[in-house]
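Trainee: Going by the numbering used here, the sequence shown opens with residue 26, and the numbers climb by one from there.
For each residue, glycine too, the CB sits at the ideal point set by N, CA and C.
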Amino acid sequence: MAVTGTPGYVPDALKAVNPHRALHVVKLGSATLRHARVYDELAELRSRGARVLVVTGGAADITLHYALIGRPIRTLTLRGGDEVRYCPPDEIPYIVEAYEQITLPRIRDELTRRGLSVHTTTGAAATGLGGGLVTATPGGPLRAFEGDRQRFVRDHRAGTVRDVDAARLAELLEVFDVVCVSPPVAASDGGSPLNVDADVLAAEVALALDADHLRLVTGTAGLLTDPADPASTLPHATVGEGMSYAGGRMKQKVRAAELALAGTPDVVITGPHTLDTRDGTRFWRAPAPAPDLGLLARMVELGSVSGDERDLAEFLVRWCADRGVAARIDPAGNLVATKGDGPRRLLMIGHMDTVPHRWPVRWDGGTITGRGCVDAKGSLAAFLETLAGLDVPEDASVQVIGTVEEERSAAGAHHARDHYTADAVITGEPSGASALTVGYHGVCKTLLSVSQPSAHTAAKDSRTAAGRMTDAQAGAEAAVAALGADTLFAVLSVRAGSRDGVQSAEAVVDVRVPPSITPAAVTDAIRRALPARVRAETLLRTPAVATPRTSPLVRAFTRALRAATGGPPRLLAKKGSSDMNTLATTWHGVPMVAYGPGDSSLDHTPHERLDAGEYRLARTVLDDAVRRWLAGGAPAVPVGATTGGERT
Numbered sequence: 026m027a028v029t030g031t032p033g034y035v036p037d038a039l040k041a042v043n044p045h046r047a048l049h050v051v052k053l054g055s056a057t058l059r060h061a062r063v064y065d066e067l068a069e070l071r072s073r074g075a076r077v078l079v080v081t082g083g084a085a086d087i088t089l090h091y092a093l094i095g096r097p098i099r100t101l102t103l104r105g106g107d108e109v110r111y112c113p114p115d116e117i118p119y120i121v122e123a124y125e126q127i128t129l130p131r132i133r134d135e136l137t138r139r140g141l142s143v144h145t146t147t148g149a150a151a152t153g154l155g156g157g158l159v160t161a162t163p164g165g166p167l168r169a170f171e172g173d174r175q176r177f178v179r180d181h182r183a184g185t186v187r188d189v190d191a192a193r194l195a196e197l198l199e200v201f202d203v204v205c206v207s208p209p210v211a212a213s214d215g216g217s218p219l220n221v222d223a224d225v226l227a228a229e230v231a232l233a234l235d236a237d238h239l240r241l242v243t244g245t246a247g248l249l250t251d252p253a254d255p256a257s258t259l260p261h262a263t264v265g266e267g268m269s270y271a272g273g274r275m276k277q278k279v280r281a282a283e284l285a286l287a288g289t290p291d292v293v294i295t296g297p298h299t300l301d302t303r304d305g306t307r308f309w310r311a312p313a314p315a316p317d318l319g320l321l322a323r324m325v326e327l328g329s330v331s332g333d334e335r336d337l338a339e340f341l342v343r344w345c346a347d348r349g350v351a352a353r354i355d356p357a358g359n360l361v362a363t364k365g366d367g368p369r370r371l372l373m374i375g376h377m378d379t380v381p382h383r384w385p386v387r388w389d390g391g392t393i394t395g396r397g398c399v400d401a402k403g404s405l406a407a408f409l410e411t412l413a414g415l416d417v418p419e420d421a422s423v424q425v426i427g428t429v430e431e432e433r434s435a436a437g438a439h440h441a442r443d444h445y446t447a448d449a450v451i452t453g454e455p456s457g458a459s460a461l462t463v464g465y466h467g468v469c470k471t472l473l474s475v476s477q478p479s480a481h482t483a484a485k486d487s488r489t490a491a492g493r494m495t496d497a498q499a500g501a502e503a504a505v506a507a508l509g510a511d512t513l514f515a516v517l518s519v520r521a522g523s524r525d526g527v528q529s530a531e532a533v534v535d536v537r538v539p540p541s542i543t544p545a546a547v548t549d550a551i552r553r554a555l556p557a558r559v560r561a562e563t564l565l566r567t568p569a570v571a572t573p574r575t576s577p578l579v580r581a582f583t584r585a586l587r588a589a590t591g592g593p594p595r596l597l598a599k600k601g602s603s604d605m606n607t608l609a610t611t612w613h614g615v616p617m618v619a620y621g622p623g624d625s626s627l628d629h630t631p632h633e634r635l636d637a638g639e640y641r642l643a644r645t646v647l648d649d650a651v652r653r654w655l656a657g658g659a660p661a662v663p664v665g666a667t668t669g670g671e672r673t
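As structure tokens, this is what we get:
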């Protein structure tokens, strides 16, 4: 393999393919803002490349501010005895002061101390168009009680969120490490700002910005089934379930959580005073129709676009621990789950990440639709379910690795290649439950780049950097086509611009290399076809992979397929590629196949769906094939095999 830099190094140009910076919307109450840990967690999120938007409440700071200025807090008693802060127009300026003088400066100071750039504002702050970042509709009259006497309060300035200026917030998130928004917000009637519930505000912002994650931080370990027992956390809740346990302020958090389920973020009430989800309450929008589909459903609901796999990895570590399977997250961010410690080593490696663009997960009868269900969370879920149910012989070990960034840089597979070993490998990719993939094309990814002094486009014979790059792409594509019809060419990304008197342009091109051609031949053909000034840098080069049908691993699958389907097994050689190719660059002689449920033609499309019957058949075949391989007494080190690291 040719990769710029040292083994395991992943060029930044590959990470620019499928660019997506996950958005975390985090709601913090003013009590939580007094805990240093939460600022460390926000800084850690940002260090992983995430965008971070904080929505803060201010109840404790409003109380403090009123005490400092000697102003009594006015309240209203509602039906049922609930007490709320009374916010007529003349009280709103003092509430704004509490946020602007205490709450927001505290957040800004704490995060700045941690090296982050921070923008803080109330939702009522005007945008360039003169409106507020957030606009609410005033609520109707409140029915308040003074003893037995009832009255209607019509000047209470509270409301419900109507509009979020998502474009302006997105611009701020591109400039600042953390953006913090608080109530009050602008009023649709043009009057004084309106107070809104901060939890609901966070949910509305998450929906408007298509956030990846929503965290509602509280002072308890999530939603408690018994408020008197701090250890009674409800770990999972669906729509309508959480409210039966909620009381007081927790009702608004549950309401906000359920509101956010209308969109795509995964939603957790966390605490006490931490973003850590391990002891929180997760809310699910699409509960599985049967228990054996539960892991699949939850994995698909947890967003994990390339570079944002951490939450899914932590969830799966917990899932494994609950089933007595040793699991951890390795330095690359991969999930690593293991059973057994014998010398014969079987590796099942799938990827946790997906391509961008998600939609709300749903079940249509026995079919799940959602990003990643086919490519390739269905495969990884089947691997983990199989591992959890295995009795591994004393002379063997079985390991499941869920890799990161398969869809753009293969960073997780590079780490696995260099730090783990195996005698046989099953890669998790959709072959269809009734078929087995025994071969893949190779991959050659190349960065084309050009830079030149800027010149006026009206000048004679002027040729811009972008124009030269267009020529380079066309020349590279023609050269690749001349190598053969099965050598496939694609442009993954293109960038061009001008700065400080220099024009530049670059593109990442991808070639799928058939077994009849070497990746080096592809590289040479591209270089020869490039026009003057255009440079080529090899980013990734992996060979085609094929495992003989006589391999014990292939035989284990063919027998399992025949037993489950009653027909002859289908063995496939695909023009795509997978983590198998990355491993094969140094793991010579190790038999590898790819197996998983689903139709691969649905990969990366808005029609991705997986039928429960297909998933269950794959589970049956995989379980049988793994047991057959373990019972077969395969050699601990295949003849001629070399691997890229010590076993850990």
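1. Give, in chain order, every unbroken run of the beta strand (DSSP E) that is at least 3 residues long and sits entirely within the segment 201-288.
2. Could you give the distance in angstroms between the alpha-carbon of P316 and the alpha-carbon of R323?
3. So, does the segment 258-268 touch the segment 187-207, judging by three or more C-beta pairs under 8 Å?
4. Spatial neighbours of P113 within its chain, please: CB distance less than 7 Å, with the 5 preceding and 5 following residues excluded, ordered by chain position.
5. Could you name each continuous alpha helix (DSSP H) segment of 4 residues or more that falls completely within the segment 106-173, going from the start of the chain to the end?
6. Helix, strand or coil: how does DSSP classify L103 here?
7. Would you list the one or two residues that DSSP bridges to T567?
8. With H, G and I counted as helix, E and B as strand and the rest as coil, what does DSSP make of L513?
9. Quick one: residues in its chain with C-beta nearer than 8 Å to the C-beta of R587, no 5 flanking neighbours on either side, listed in chain order?
10. Given this structure, state the Cα-to-Cα distance separating V63 from T563, to the nearest angstrom.
11. Out of curiosity, what's the CA-to-CA distance linking T446 and R370?
12. Quick check: Q477 and V534, are their CB atoms within less than 8 Å of each other?
13. Tell me the residue span of the alpha helix (DSSP H) that contains L508.
14. On a Cα-Cα basis, can you pick out the residue from F201, A236 and V468 that is closest to S142?
15. On the three-state DSSP scale, how would you describe K402?
16. In or out: F308 buried (at least 16 other Cβ within 10 Å) or exposed?
17. Within 10 angstroms of the Cβ of Q175, are there 16 or more other Cβ atoms? Answer buried if so, exposed if not.
18. Within a Cβ cutoff of 7 Å, which residues of the same chain sit near E410, ignoring the five residues on either side of it in sequence?
19. What is the DSSP secondary structure of W344, counted as helix, strand or coil?
20. Please state the DSSP three-state secondary structure of R574.
21. Please determine, among S474, R46, D65 and E122, the residue with the shortest C-alpha to C-alpha distance to D86.
22. Are the Cβ atoms of R641 and T394 separated by less than 8 Å?
23. What first and last residue would you give for the alpha helix (DSSP H) that runs through V646?
24. Please report the straight-line C-alpha distance between P573 and Y620, rounded to a whole angstrom.
25. Tell me which residue opens and which closes the alpha helix (DSSP H) that A84 is part of.
26. Can you give me the C-alpha to C-alpha distance between H444 and W344, rounded to a whole angstrom?
27. Looking at the secondary structure, which residues open and close the alpha helix (DSSP H) in which E326 lies?
28. Give a yes or no on whether the C-beta atoms belonging to G403 and G623 are separated by under 8 Å.
29. Does the Cβ-Cβ distance between T250 and Y270 come in under 8 Å?
30. Between A656 and D291, what straight-line distance do the alpha-carbon atoms span, to the nearest angstrom?
31. Check whether the Cβ atoms of D304 and H629 sit closer than 8 Å, and answer yes or no.
32. What whole-angstrom Cβ distance do G427 and G638 have, given they're in contact under 8 Å?
33. For R653, which residues in the same chain have their Cβ closer than 7 Å to its Cβ, ignoring the five residues on either side in sequence?
34. If you drop the 5 nearest sequence neighbours on each side, which residues of the same chain put their C-beta closer than 6 Å to that of H45?
35. Comparing C-alpha positions only, which one of D649, A438, D355 and K600 sits nearest to W612?
36. Restricting to Cα atoms, I'd like to know which of L318, S422 and G95 is closest to W388.
Mentor: In this structure, then:
1. 203-212, 238-242 and 261-263
2. 11 Å
3. no
4. D180, H181 and R182
5. 117-123 and 129-138
6. strand
7. V468
8. strand
9. P593 and P594
10. 42 Å
11. 8 Å
12. no
13. Where L508 is concerned, there is no enclosing alpha helix (DSSP H), given that its DSSP letter is neither H nor E.
14. F201
15. helix
16. buried
17. exposed
18. L320 and R644
19. helix
20. coil
21. E122
22. no
23. A637 to A656
24. 15 Å
25. A84 to I94
26. 24 Å
27. G319 to E326
28. yes
29. yes
30. 41 Å
31. no
32. Contact flag wrong, Cβ pair sits at about 24 Å.
33. A581, R584 and A585
34. V330 and P381
35. A438
36. L318
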